[in-house]
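If you want my numbering, it's the position in the sequence shown, counting the first as 1, plus 1370.
To keep things clear, I will list the structure first and then write my remarks on it.
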Amino acid sequence: MTNILRQFSFELPTRIEYGVGVISKLGDELRLLKAQKVAIITDPGIIKAGLLDKITSILKEEKLLYNVFDGVDPNPKDQNVERGAQVVRSFGADAMVAISGGSVIDCAKAIGVLVSHDGKRIKDFEGKTAVKKQILPFIAIPTTAGTGSEVTFSAVITDTENNYKMTVRSPFMAAKVALLDPKLTVTVPPHITASTGMDALTHAIEAYTVKVSEPVSDALALYAIELISNNLVNAVKNGEDIEARACMLVGSLLAGIAFSHSDVGSVHCMAEALGGVYDAPHGICNAVLLPYVMEYNVEFCIEKYARIAKAMGETFETSREGAMKAVERIKKLATEVGLPSFKSLGVKEEDLEKLADMAAKNISTESNPREMTKEDYLTLFRRAMAD
Ligand code: NAD
1371 MTNILRQFSF
1381 ELPTRIEYGV
1391 GVISKLGDEL
1401 RLLKAQKVAI
1411 ITDPGIIKAG
1421 LLDKITSILK
1431 EEKLLYNVFD
1441 GVDPNPKDQN
1451 VERGAQVVRS
1461 FGADAMVAIS
1471 GGSVIDCAKA
1481 IGVLVSHDGK
1491 RIKDFEGKTA
1501 VKKQILPFIA
1511 IPTTAGTGSE
1521 VTFSAVITDT
1531 ENNYKMTVRS
1541 PFMAAKVALL
1551 DPKLTVTVPP
1561 HITASTGMDA
1571 LTHAIEAYTV
1581 KVSEPVSDAL
1591 ALYAIELISN
1601 NLVNAVKNGE
1611 DIEARACMLV
1621 GSLLAGIAFS
1631 HSDVGSVHCM
1641 AEALGGVYDA
1651 PHGICNAVLL
1661 PYVMEYNVEF
1671 CIEKYARIAK
1681 AMGETFETSR
1691 EGAMKAVERI
1701 KKLATEVGLP
1711 SFKSLGVKEE
1721 DLEKLADMAA
1731 KNISTESNPR
1741 EMTKEDYLTL
1751 FRRAMAD
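Below is the structure:
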């Protein structure tokens, strides 16, 4: 069914600066923010890859005071946020620079929330209404092509008391500027390129197919699907290929804008449950579940899946044939980039009920094109487990 008669509104509070070498604009951007004391939020992987030095040398040139908080885990934890907020507060930062993947960018957003609201526990800000004002201004520099967090309004943080990934969401949390430099992504190792790339593809596919999709996000999602599906294998196999890296970074950006204005669906509901309970990498969780959910949804998305197949360069006679080709192409892509199986995540049979329950309670369950109950989720988890 077309969405052309439904109302929508579209706003992007983040300015995007993109290009090979665009990182050199960081000084100008900080000057525009009138920053004097800059908190850099990052993680050990970025320091190891030599990327932190690029940032600190720019800040030194600009004669800005800075400090570094690198205590962010993948699937960032509430404790990472609360510790980070203490560090940023005691330094007296007036701006932040978040450099790494979605974990760091999300953690920076959540740190910004605590600092500007004088908060102690990020749990108090869970949901869509608790953030009441603009957070500490920050510049997001994504170095993976996956989450699109540089342009979304949410932070996904693990509640370590209850082992689940909560979402804190508000337009006040958007980055002031997203600096996207494909050069910064060439050091991403192949397995992370693969899983983060599949994450971005999942965003685009779900943004396009959920019940709440709208025309602007549809347009962004379809081009994201084209860019990602045609460049992921090359980016994984030949990480130095700057053009493939650039296509992936733009694909991930467009997918991020798309899903934050539309929504994600059941793949994410299941992946977030898995990530919370097993602390498994988010991109892998999405990637291993995407084919199962697509197969389950296919009858409810024939036309849209056919359009996805077209964006991936497939040819076909009927929409039904196209829709099936889209599902097959996703399975093939996951194999080509060497993604692990669901089984390899070590999921225990006795946890499946809990995981299905968590997925069913996720707010994005309502957006999935096919109605999903806890039992439906259980069926899908069992199917993935059996393969
Ligand atoms: P990540 O941020 O956890 O990074 C994975 C690893 O890659 C880290 O060890 C990091 O150091 C390393 N890395 C990053 N860039 C590198 C580079 N250029 N060279 C070498 N190593 C590099 O992974 P991610 O997939 O980007 O983020 C996942 C997180 O984002 C999850 O917590 C997920 O829930 C969240 N997420 C958020 C949104 C949102 O809109 N806020 C959307 C989707 C996912």
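Ideal Cβ positions, reconstructed from N, Cα and C, are used throughout, including at glycine.
On a predicted model such as this, the values are computed, not experimentally measured, just so you know.
| said: For Ser1689 and Ile1700, which I take to be in contact (beta-carbon distance under 8 angstroms), what is that distance rounded to the nearest angstrom? | reply: If you number the sequence shown from 1, residue 1689 lands on position 319. If you number the sequence shown from 1, residue 1700 lands on position 330. The pair is not a contact, with the Cβ atoms about 17 angstroms apart (cut-off 8 angstroms).
| request: State the Cα-Cα distance for the pair Pro1541 and Gly1497, rounded to the nearest angstrom. | output: Taking the sequence shown and counting its residues from 1, one reaches residue 1541 at position 171. Taking the sequence shown and counting its residues from 1, one reaches residue 1497 at position 127. About 12 angstroms.
| Inter-residue Cα distance where the pair is Asn1373 and Thr1579 | On the sequence shown, residue 1373 is found 3 positions in, with the first residue counted as 1. On the sequence shown, residue 1579 is found 209 positions in, with the first residue counted as 1. A straight line joining the alpha-carbon of Asn1373 with that of Thr1579 spans about 11 angstroms.
| task | Please determine if the segment 1672 to 1684 and the segment 1578 to 1592 are in contact, where contact requires at least 3 C-beta pairs separated by less than 8 angstroms. | result | Cβ pair count under 8 angstroms is three or more, so yes.
| message | Between Asp1649, Ala1605 and Thr1514, which has its C-alpha nearest Asn1532's C-alpha? | response | Residue mapping note: residue 1532 aligns to position 162 of the sequence shown, counting from 1. Put simply, of Asp1649, Ala1605 and Thr1514 the residue whose alpha carbon is nearest the alpha carbon of Asn1532 is Asp1649.
| message | Starting from Val1467, trace the beta strand (DSSP E) in both directions and tell me its first and last residue. | response | Counting from 1 along the sequence shown, the entry for residue 1467 is found at position 97. That run of the beta strand (DSSP E) goes Ala1465 to Ser1470.
| In three-state DSSP terms, what is Lys1702? | On the sequence shown, residue 1702 is found 332 positions in, with the first residue counted as 1. Shown here, Lys1702 sits in a helix according to DSSP, grouped into three states.
| field | Paired residues, beta bridge with Ala1548 - DSSP | value | The residue given as residue 1548 occupies position 178 in the sequence shown. Ala1548 pairs with Ile1386 and Ala1510.
| query | Of the residues Ala1574, Gly1471 and Thr1530, which one's Cα is nearest the Cα of Ile1562? | reply | If you number the sequence shown from 1, residue 1562 lands on position 192. Taking Ile1562 as reference, the option from Ala1574, Gly1471 and Thr1530 with the minimal CA-CA separation is Gly1471.
| query | Rounded to whole angstroms, how far is the Cβ of Leu1659 from the Cβ of Val1637, which I believe are closer than 8 angstroms? | reply | Locating residue 1659 in the sequence shown gives position 289, counting from the first residue. Locating residue 1637 in the sequence shown gives position 267, counting from the first residue. That belief holds up - the Cβ atoms of Leu1659 and Val1637 are roughly 5 angstroms apart, short of 8 angstroms.
| Complete alpha helix (DSSP H) runs within the segment 1372 to 1433 (minimum length 4 residues, chain order) | Whole alpha helix (DSSP H) segments, 4+ residues: 1396 to 1402, 1414 to 1418 and 1421 to 1431.
| query | Whose C-alpha, out of Lys1502, Ser1630, Leu1602 and Ala1478, is nearest the C-alpha of Ile1511? | reply | For the purposes of this step, residue 1511 is identified with residue 141 of the sequence shown, where counting begins at 1. That would be Ala1478, whose Cα lies nearest to the Cα of Ile1511.
| query | Do Val1547 and Glu1399 come within 7 angstroms of each other at the CB atom, strictly closer than that value? | reply | The residue given as residue 1399 occupies position 29 in the sequence shown. The residue given as residue 1547 occupies position 177 in the sequence shown. Less than 7 angstroms divides the Cβ of Glu1399 from the Cβ of Val1547.
| Taking the C-alpha atoms as reference points, what is the distance between Met1694 and Asn1600? | Residue mapping note: residue 1694 aligns to position 324 of the sequence shown, counting from 1. Residue mapping note: residue 1600 aligns to position 230 of the sequence shown, counting from 1. C-alpha separation (whole angstroms): 18 angstroms.
| request: Go through its chain and collect everything with a Cβ distance to Val1760's Cβ below 8 angstroms, but skip five positions before and after it. | output: With the chain covering only 1371 through 1757, there is no way to say anything about residue 1760.
| said: Give me, in chain order, the residues of the same chain whose beta-carbon lies closer than 7 angstroms to that of Leu1434; leave out the 5 immediate sequence neighbours on both sides. | reply: Within the sequence shown, the letter at position 64 stands for residue 1434. In its chain, beyond the 5 residues on either side, Leu1400, Ala1405, Gln1406 and Val1408 have a beta carbon closer than 7 angstroms to the beta carbon of Leu1434.
| Proximity to Asp1569 [Cα-Cα], best of Ile1598, Asn1656, Ala1577 and Arg1385 | Indexing the sequence shown from 1 puts residue 1569 at position 199. Nearest of Ile1598, Asn1656, Ala1577 and Arg1385 to Asp1569, Cα basis: Asn1656.
| With burial defined as no fewer than 16 other Cβ atoms inside 10 Å of the residue's Cβ, what is the status of Pro1739: buried or exposed? | One-based indexing of the sequence shown puts residue 1739 at position 369. Its Cβ being crowded by 16 or more others within 10 Å, Pro1739 is buried.
| task | Give the secondary structure of Thr1566 by DSSP, where H, G and I count as helix, E and B as strand, and everything else as coil. | result | The residue labelled residue 1566 in the question sits at position 196 within the sequence shown. In the structure shown, Thr1566 sits in a helix (DSSP, three-state: H, G or I).
| Residues near Gly1621 in its chain [Cβ-Cβ closer than 6 angstroms; skip 5 each side] | To locate residue 1621, count along the sequence shown from 1; it is residue 251. Exclusion of the five residues before and after Gly1621 leaves Ala1570, Ala1594, Leu1597 and Ile1598 as the residues of its chain whose Cβ lies within less than 6 angstroms of its Cβ.
| message | Closest to Gly1489 by C-alpha separation, out of Ala1468, Ala1465 and Gly1454, would be which residue? | response | Walking along the sequence shown from the start, residue 1489 turns up at place 119. Cα-wise, what sits closest to Gly1489 is Gly1454.
| query | Are the CB atoms of Ala1625 and Gly1716 nearer to each other than 7 angstroms? | reply | Within the sequence shown, numbered from 1, the residue matching residue 1625 stands at position 255. Within the sequence shown, numbered from 1, the residue matching residue 1716 stands at position 346. By the CB criterion at 7 angstroms, Ala1625 and Gly1716 fall outside the cutoff.
| Do Ala1730 and Lys1744 have their CB atoms nearer than 7 angstroms? | Counted from its first residue, the sequence shown places residue 1730 at position 360. Counted from its first residue, the sequence shown places residue 1744 at position 374. Cβ distance < 7 angstroms, so Ala1730 and Lys1744 count as in contact.
| message | Using a 10 Å radius around the Cβ and a threshold of 16 neighbouring Cβ atoms, would you call Glu1642 buried or exposed? | response | Residue 1642 sits at position 272 when you count from the first residue of the sequence shown. Classification of Glu1642: buried, given that the 10 Å Cβ count is 16 or more.
| message | Looking at the ligand NAD, does it come within less than 6 angstroms of Asp1413, judged from the CB to the closest heavy atom? | response | Numbered from its first residue, the sequence shown carries residue 1413 at position 43. It does: the Cβ of Asp1413 is within 6 angstroms (strictly closer) of some heavy atom of the ligand NAD.
| query | Which full runs of the alpha helix (DSSP H) of 4+ residues lie inside the segment 1674 to 1757, going along the chain? | reply | 1689 to 1706, 1722 to 1731 and 1744 to 1756, all fully within the segment 1674 to 1757.
| message | Could you check whether Ser1583 and Ser1630 sit closer than 7 angstroms to each other, using their CB atoms as the reference points? | response | Counting from one through the sequence shown, the residue named residue 1630 turns up at place 260. Counting from one through the sequence shown, the residue named residue 1583 turns up at place 213. Their beta carbons are not under 7 angstroms apart, which means Ser1630 does not touch Ser1583 by this criterion.
| query | Under three-state DSSP, which class holds Thr1522? | reply | By one-based count along the sequence shown, residue 1522 stands at place 152. Thr1522: coil per DSSP, three-state reduction.
| said: Among the candidates Glu1741, Ser1587, Phe1751 and Ile1481, whose CA atom is the shortest distance from the CA of Glu1719? | reply: Within the sequence shown, residue 1719 is the residue found at index 349, counting from 1. Ranking the options by Cα distance to Glu1719, first place goes to Phe1751.
| query | Mapping DSSP to helix, strand and coil, what is Asp1633? | reply | Walking along the sequence shown from the start, residue 1633 turns up at place 263. Judged by DSSP in its simplified three-state form, Asp1633 adopts coil rather than helix or strand.
| Between the CA atoms of Ser1460 and Glu1665 - distance to the nearest angstrom | Here residue 1665 refers to the residue found at position 295 of the sequence shown. Here residue 1460 refers to the residue found at position 90 of the sequence shown. Pairing Glu1665 with Ser1460, the inter-Cα distance amounts to about 51 angstroms.
| field | Opposing strand residues paired with Leu1435 [DSSP bridges] | value | Taking the first residue of the sequence shown as 1, we reach residue 1435 at position 65. Lys1407.
| query | What do you reckon, are the CB atoms on Gly1760 and Ile1428 nearer than 7 angstroms? | reply | The structure shown does not extend to residue 1760, since the chain is modelled only from 1371 to 1757, so the question has no answer here.
| query | Among Val1485, Glu1452, Val1442 and Thr1499, which has the Cα closest to the Cα of Gly1462? | reply | Numbered from 1 along the sequence shown, position 92 holds the residue referred to as residue 1462. Minimum Cα distance to Gly1462 is reached at Val1485.
| Residue interval of the beta strand (DSSP E) (run including Val1663) | Here residue 1663 corresponds to residue number 293 of the sequence shown, with the count starting at 1. DSSP places Val1663 in no beta strand (DSSP E) but in the uninterrupted alpha helix (DSSP H) bounded by His1652 to Asn1667.
| query | Can Ser1737 and Gly1609 be called in contact, C-beta distance under 7 angstroms? | reply | Reading the sequence shown from its first residue, position 367 is the one you call residue 1737. Reading the sequence shown from its first residue, position 239 is the one you call residue 1609. Not in contact: Ser1737 and Gly1609 (Cβ atoms no closer than 7 angstroms).
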